[in-house]
Structure formats: C-alpha cells, structure tokens
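Protein chains in written order, with the working numbering: chain A, 4 to 504; chain B, -15 to 133.
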Amino acid sequence: MDYDAIVIGAGSGGLSAGGILASRGLKTLIIEKSNNVGGCASSFAADGYQFDVGACIIEVPWVHDWFYERTGRRREDYVRFIRNDPLYELVDMMDGNRYLMPASFEGVAGLISRFSPRDAESFLKFCRKQGAVMDRFSEVMMQTPQGRIRDMLRLFTKYPRILGSMKYIMSPYSKLMEDLFEHPFTRRLLGTPAVIGGLPPSLQSGFMFWQCYAEHVGMYYPEGGMGAVPRGMAIVFGEFGGELMMESEVKRVIVKKGKVKGVVLTDGTIITAKVIVSNANSKTLYERMIGEPDVPKAVIKGLKSYEFSPSCAVGYLGLDYKIDLKAQHMMVLADSRLLELFWSKMFDEGIALGESVGLISSPTFVDPTLAPAGHSVLTFITMAPRHLKGGRWNDIKWDYLEKGINMVDNLYLPGIKDHVTFKTIATPEDFENRINLLNGSIYAYSMSIMSQMLFRPSNRSRCIKGLYLCGASTHMGSVPGAVASGIMTADLALNELEKVV
Amino acid sequence: MKRIISNTLSIAFALLGIALVAGGFMGFRLGIDQNRAVVTYGFLVGNWFMLACAVLFPFAADREYRKIKRRLLLLLSLLSILYFIYFGVMWTLLGETGMQVSITILFMLLGIAVLFLAAVDYIMGKEAYRPMTIDFFKQLPYAYFRYRT
Ligand SMILES: Cc1cc2nc3c(=O)[nH]c(=O)nc-3n(C[C@H](O)[C@H](O)[C@H](O)COP(=O)(O)OP(=O)(O)OC[C@H]3O[C@@H](n4cnc5c(N)ncnc54)[C@H](O)[C@@H]3O)c2cc1C
C-alpha cells in the first residue's frame, strides 16, 4: 500500500480528517482538485485583492479549537478570529430603514424593544431557555456520528433535555416567529436566519433559531481572510508529515470484494491505501466514482431521493476607495411571505433574481490588509438556482453580475458602482465545475429533518469497507459542521485501522 | 366554519380509530357469532362513514390540502373495503380462533391507520404546519433508502 489513508478533497471536512489522521502517525495523502485548499471556505487573490470564495462567517468557533486541541496545538498560533460587533447592518425592505444588529443578546433586545417591549422580553426569555438548550444540543450533535440508530439513541441519552424542546424543533420556523413575537419587525429581524439556514420559513424547522442564537454567542472573521482557516489546518497536516497533492482529481475509487483498495486519478495514476476518506459529495462518490454493483441499488435510490440545499451566485468586487461601513456584513430584512415568494421563484421556477435576498460582506472592514491601501473588497452572495428556466448561466452571468452591482448600489451602498476596479462572479455552475460542489448547493442536501442525521449519508460507509465520508453531504452543512464531521470520521477510520493493526 | 368541521372530523376519526383498536382488543374474547357481528356492523358503519367523509368533507378543507385529504380518505376506504372482502371470503372458512386472530390483527392495524389519519388531518388542518407536513410525507417513502446510505 502506498498510504495508510487517502483523503479525497481538501475542503474543511477533508483537511480536518487528514490532520487528525496524520497527527496519529498515519501516512496520509490529501488529493485536491483545485489549486487552493478550503473548497467553499477558501480564498483567492486577484488584482491585489483577496476574496473569499464563498463562506465568510465563522460561528461555533469551538469546533476549530477542537481540531487544534486534538492535534496538540493551539488555534491562535495558526489562525486568529476577530469578533464581529455589530453583526450586520440591516436594510428593511419594507421602508428602507437601516438598523445595526448588535452582537449581545441584550443589545438585540434593546433594538426590538423600540418596536415591542413584549417581544424583547420574549426574545430574551426564549434565548435563555430554548436557545441555550439548542446550542448545547448542537454541540453534542457535532461531536456524535449519526449514521446508525444506536448513534441517534446515544445522541439523545447524552443530552436528554433536548426532548423538552421537541415542540419547537417540530414547529415550522414561521410559526415559531408568530407564536413568540407580535411585531412584524421582530419577525423580520429574527426570521431571516431561516433562509440562511437553507430553507424557506414555512419549511424550516424551529431548531434553526439556534442559528440566530449562535450568532450572538459569537460570530467571527479570520485575520487574513477565510482562506486562513483551511491554510492553518493544512499547515498542521504538513507538520505531521501529511502530503498534499494539489490540482489532481480523483476519478474513481477502486473497490475489490466490497473493500477499498485505492483511487485512480483523471490522468490514470493509481494510488493505493488502506482506507479512503472522501470529502467529495457523497452522491458523486457513490454514483460516479464507485457505481453499481459495488454500491447497492437501495443506496443509489436513497442518494437519488435527496433534495438539494439552495445554491448561490457570488459577485466579487475590488473597489478603489474605503467604503464607509458600520459592519462587515449587510443583509436585507424581508417579510416571511416575500422570502417564500423569492424562494419559490428561484428554486421551484428556476428564475435568477439578481435582486434576491442575500448577504454582503466587506472583509476589509475587519482586515484592511486584504486590499491595497485605501481600497476595499466586497462580495455579495445572492441565492440563485443551479438550473435556469430556459437558459444557461454562461449566457447570463455577466448581466447577472451587473444587475447584482446595481442592486448593491441601489439598496445598500449608493455610488459604489463608480468605484469598481475589479469584478468577477461565480455562479452555481462555476462552483460545480471548479470545486465539484454538486448542484452548487451550499450545504449539499436539503436541511430538512428528513435529510438530516440518520437520513444523511453515514460517515462510515455502510456498503464498502474501508470507505469513510465527511463534509457537508454527511453532516449539517456549514464550515463548523464540515470540520466536526472530519474529526469524527477520522476517529471512525482510526478505530478500524487500529483493529487491523 | 371550515376550522370547526375540520376539527370535528379529526375528533371523529380519532374516536373511530380508538373504537377499531378496542374492537381488535376485544376480538379475542368474543365468540364466532359475536365476532361476525362486530365485522358486519364495524365495516358497514365504518366503511360508509369513511366513504361519505371522502366525498363530502374535503370541501371543508383549504384548497391546497383538499386533494391530499380526499386521497387519504379514499385510501383508507379502499383498505377497509379490502378487509370487508377478506372477511366476506373467509366468512365460513375461518374457525373461531381464525376469526379472533384476524379481527385482532386487522382491526388493530386499521385502527392505528385511522388514528394516524386523525393526527395528520389535525396537523394539516393548521395552515402553518401544512407545508412542512406535506414535505415530510413527500420524503417519508425514501426514509429507509436514505438510512441505507
Ligand atoms: C457561497 C457560499 C457561502 C457560504 N457561506 C457560509 C458561511 O458564511 N458560513 C458557514 O459556516 N458556511 C457557509 N457556507 C457553507 C460551507 O462553506 C460549506 O458547507 C462547507 O465549507 C463545506 O465543506 P466540505 O468540507 O463539505 O466541502 P467543500 O468545501 O465543498 O470542499 C470539498 C473539496 O473537495 C474537492 N474535491 C471534490 N471532489 C474531488 C475529487 N474528485 N478529487 C479531488 N478533489 C475533490 C473540492 O475541490 C473541494 O476543495 C457557504 C457555502 C457557499 C457555497
């Protein structure tokens, strides 16, 4: 065997799995298709600017600390996080008014109480009781593999208090907002996380309130841009003798008699290993990189049945001035009915709405070194369908970018379009082509209850021995979700390897 | 008005479900003639009740839920007709124990299905829960296959 372990993909999940495996003395190779580590959470440089490819918010920072602790290191020595405060500047779509979303719970309550003191009280009470319970549960969830019924039972026995919150978890997010808050402003203010969580408010679980809660526990941005996070993990991996093979794509996983033997790259190179950890999307892995008969029909049927999480288009702008901002991030506040409408136009009808709800991030607000002196960087993320009704992304992407710039100019930052010195865009199709992000979906599969935990692909393959899976398509999508899945998957693989040894 | 009809119907289904489960429980204690009477009356009343509901009550449901409600009710009516046929065919072939076992198993299963319908109908009657519930049922048939992944 050439290696003890091969990791396919250097995304957040692959790097954390690779780092843990290498730190335990295993001869490990990570194979990455692109010329950059981090996948959705990487950065790229152009015209003197540093841009975040996709992810631009760090929540649940303890997961990153966990990775470094597990490898006997301190996160601060590799990457430093800067706390966002305020979290967002919000533009209310109803009247154009602007608000700053404070970082502290009390600050948010203060903002809400301008409209409804009762809602402010309700917010604080719900955060204290349910928010804290959901936060603790997600901590347990991130540390527990969820592939088998026994794992699920373990999850609930580790934190039985969550059963008392089932009422909220089973409730649609929109209903939770209606029940808790009386004022439409509060519902708009706290309703948007549902969409960021990957589903419209009527389909999203009330559990997503946790996302809202977690933001106020702490939302961060890494010094040096998002790419500093995977780079830090890659450095740790290298320190333990791990090898990183860039710009090489795995085409097939070799399986013999139900057990993995190695991988074949697109150039035909064969590399063998005792175990394979895949950070590639699980559907791509099983359907295209392995296929029948090694993968049973039932598994293929399960994979085909998944609905995808939303896809996004990202506009990247280099600006020749220092933007006058009040927060790194900007977002619109929209009524839940409007959010539903946008959602169905985009993801049911396949219409690309340039002015769609999204997120604006200007990382130079917290780290000016990401642009030449006196310049700024700005990215805008808009939800956008992967498959367009009657068209292709390549035909409309530059128009879409212009529409997006106009939207930013009109809604958020008037006058910005006169300062653009560099601009480019990544569409869902680009994400798919560049980093194999299937369907361009930001969290892989849908975030609905029926696609989570037991019903998401297992970290230890159930049909092929020696095959392990990590990343957003096996765990709750997001950077911390992917990092946590990598750590757990590495532990499962280590268990097997230790048994073999 | 719609809400009242819808809630009443859910309660009626819950009662019917409980009655069927109770009938199943009792099945083992009754003699063959009594069990035949349970089958005859149980199905005559239950069947017609459900068919009538399938025809009449979907109109009391909100538009987007009407089709689903009709389908659910028709499905259950069909199931109970199949039961009726089964008992019709087996009327003379089943002995006392056979009848008792059949009634216990089949009534209990049908009762649970009707109780389930009552619960679903109650939840679906609430507009806020409907999209999530429909989505859940759309994905439910794949649960096993997803578990296999
Ligand atoms: C636009 C956008 C914005 C987002 N914003 C946030 C945010 O603010 N906060 C947050 O927490 N999450 C955010 N997310 C989600 C988050 O970034 C992802 O869920 C997470 O990074 C996924 O990590 P991963 O390890 O599963 O895989 P990925 O990041 O998808 O990485 C997979 C890697 O594997 C490589 N690869 C795939 N197939 C092969 C192959 N066959 N051979 C070799 N290499 C291969 C790819 O090139 C890639 O580098 C965002 C996502 C997007 C797209």
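Backbone N, C-alpha and C fix where the C-beta goes; we use that ideal spot for every residue, glycine too.
With C-beta atoms as the reference, is residue i less than 8 Å away from residue j?
i	j	result
His478 of chain A	Arg463 of chain A	no
Tyr224 of chain A	Ile23 of chain A	no
Val298 of chain A	Val82 of chain A	no
Leu29 of chain A	Leu500 of chain A	yes
Ala330 of chain A	Leu114 of chain A	no
Ala283 of chain A	Gly12 of chain A	yes
Ser312 of chain A	Ser444 of chain A	yes
Lys254 of chain A	Ala8 of chain A	no
Val55 of chain A	Ser364 of chain A	Residue identity check: residue 55 of chain A is Asp in the sequence provided, not Val. Yes, these two residues count as a Cβ contact at 8 Å.
Gly244 of chain A	Gly41 of chain A	no
Gly3 of chain A	Ala485 of chain A	A question about residue 3 of chain A goes unanswered here, because the residues of chain A that appear run from 4 up to 504.
Ser451 of chain A	Gly150 of chain A	no
Val258 of chain A	Ile293 of chain A	yes
Val239 of chain A	Tyr471 of chain A	no
Arg157 of chain A	Leu497 of chain A	no
Ser116 of chain A	Met137 of chain A	no
Gly221 of chain A	Arg86 of chain A	yes
Thr269 of chain A	Glu290 of chain A	no
Glu506 of chain A	Ser37 of chain A	Summary: the structure shown does not reach residue 506 of chain A, with chain A confined to residues 4 through 504, and so no result is reported for it.
Gly57 of chain A	Ala44 of chain A	yes
Does DSSP put residue i in a helix, in a strand, or in coil?
i	result
Ile326 of chain A	coil
Glu185 of chain A	coil
Asp7 of chain A	strand
Tyr113 of chain B	helix
Leu341 of chain A	helix
Phe141 of chain B	Coverage of chain B is limited to positions -15 through 133, which leaves residue 141 of chain B absent and any answer about it impossible.
Tyr309 of chain A	coil
Ser(-6) of chain B	helix
Tyr52 of chain A	strand
Ile273 of chain A	strand
Met96 of chain A	coil
Cys59 of chain A	coil
Ser174 of chain A	coil
Tyr319 of chain A	strand
Thr24 of chain B	helix
Thr31 of chain A	strand
Lys53 of chain B	helix
Lys348 of chain A	helix
Leu206 of chain A	coil
Gly294 of chain A	coil
Name, please, each residue of chain B whose Cβ falls closer than 7 Å to the Cβ of residue i.
i	result
Ala197 of chain A	Going along chain B, no residue has its Cβ under 7 Å from Ala197 of chain A, so there is no contact; the nearest lies around 12 Å.
Lys348 of chain A	The contacting residues do not exist; Lys348 of chain A stays about 16 Å from chain B at best.
Gly305 of chain A	Tyr126, Phe129, Arg130, Arg132 and Thr133
Ser308 of chain A	Tyr126, Phe129 and Arg130
Quick one: list the residues of chain A neighbouring residue i, beta-carbon separation under 7 Å, in chain order.
i	result
Ala38 of chain B	Going along chain A, no residue has its Cβ under 7 Å from Ala38 of chain B, so there is no contact; the nearest lies around 27 Å.
Asp119 of chain B	Leu206 and Ser451
Met116 of chain B	Pro175, Ser205 and Leu206
Using a cut-off of 9 Å between C-beta atoms, extract the partners of residue i located in chain A.
i	result
Tyr49 of chain B	In chain order: nothing, as chain A lies at least about 14 Å away.
Strictly below 8 Å CB to CB, what residues from chain B border residue i?
i	result
Arg465 of chain A	Arg132 and Thr133
Ser461 of chain A	Thr133
Val302 of chain A	Phe129, Arg132 and Thr133
Ser285 of chain A	Thr133
Pro148 of chain A	Those within 8 Å of Pro148 of chain A in chain B number zero; the least Cβ separation is about 14 Å.
Pro296 of chain A	Those within 8 Å of Pro296 of chain A in chain B number zero; the least Cβ separation is about 15 Å.
Glu181 of chain A	Ala112
Lys468 of chain A	Correct list: empty, because the minimum Cβ distance to chain B is about 16 Å.
Along chain B, in chain order, which residues have C-beta atoms closer than 9 Å to that of residue i?
i	result
His458 of chain A	Correcting the residue identity first, residue 458 of chain A is Phe in this sequence and not His. Neighbours of Phe458 of chain A on chain B, chain order: Gln123, Tyr126, Ala127, Arg130, Tyr131 and Thr133.
Enumerate, from N- to C-terminal direction, the unbroken alpha helix (DSSP H) stretches of 4 or more residues contained entirely within the segment 62 to 93 of chain A. Within the segment 62 to 93 of chain A, the runs of alpha helix (DSSP H) that reach at least 4 residues and sit entirely inside it are, in chain order, 65 to 73.
Whole alpha helix (DSSP H) runs in the segment 218 to 259 of chain A with 4 or more residues, listed along the chain? 231 to 242
In chain order, what are the residue ranges of uninterrupted alpha helix (DSSP H) at least 4 long that sit wholly in the segment 355 to 427 of chain A? 396 to 410
Are at least three pairs of beta-carbons, each pair with one atom in the segment 290 to 307 of chain A and one in the segment 328 to 347 of chain A, less than 8 Å apart? no
Please go through the segment 430 to 495 of chain A and give each complete alpha helix (DSSP H) segment of 4 or more residues, from N-terminal end onward. List check, alpha helix (DSSP H) in window: 431 to 438.
Would you mind listing the alpha helix (DSSP H) stretches within the segment 98 to 151 of chain A that are 4+ residues and don't spill past its ends, in chain order? 108 to 116, 120 to 129 and 135 to 145
Taking contact to mean 3 or more Cβ pairs, one atom from each stretch, closer than 8 Å, check whether the segment 120 to 129 of chain A and the segment 178 to 187 of chain A are in contact. yes
Check whether the segment 17 to 36 of chain A touches the segment 194 to 212 of chain A, taking contact to mean three or more Cβ pairs, one atom from each stretch, closer than 8 Å. These segments do not touch.
How about the segment 424 to 432 of chain A and the segment 396 to 403 of chain A: do they share at least three Cβ pairs that are nearer than 8 Å? Touching, yes.
So does the segment 169 to 182 of chain A actually touch the segment 194 to 206 of chain A, counting three or more Cβ pairs closer than 8 Å? Touching, per the Cβ criterion.
Evaluate the contact criterion for the segment -13 to -5 of chain B versus the segment 316 to 336 of chain A: three or more CB pairs, one atom per stretch, below 8 Å. By the Cβ test, the segment -13 to -5 of chain B is not in contact with the segment 316 to 336 of chain A, since fewer than three Cβ pairs between them sit closer than 8 Å.
With contact counted as at least three CB pairs below 8 Å, one residue from each stretch, are the segment 18 to 31 of chain B and the segment 116 to 123 of chain B in contact? no
Looking at C-beta atoms only, is the number of pairs between the segment 10 to 23 of chain B and the segment 106 to 114 of chain B that lie closer than 8 Å three or more? no
Give, in chain order, every unbroken run of the alpha helix (DSSP H) that is at least 4 residues long and sits entirely within the segment 64 to 129 of chain B. You should have 80 to 108 and 114 to 123.
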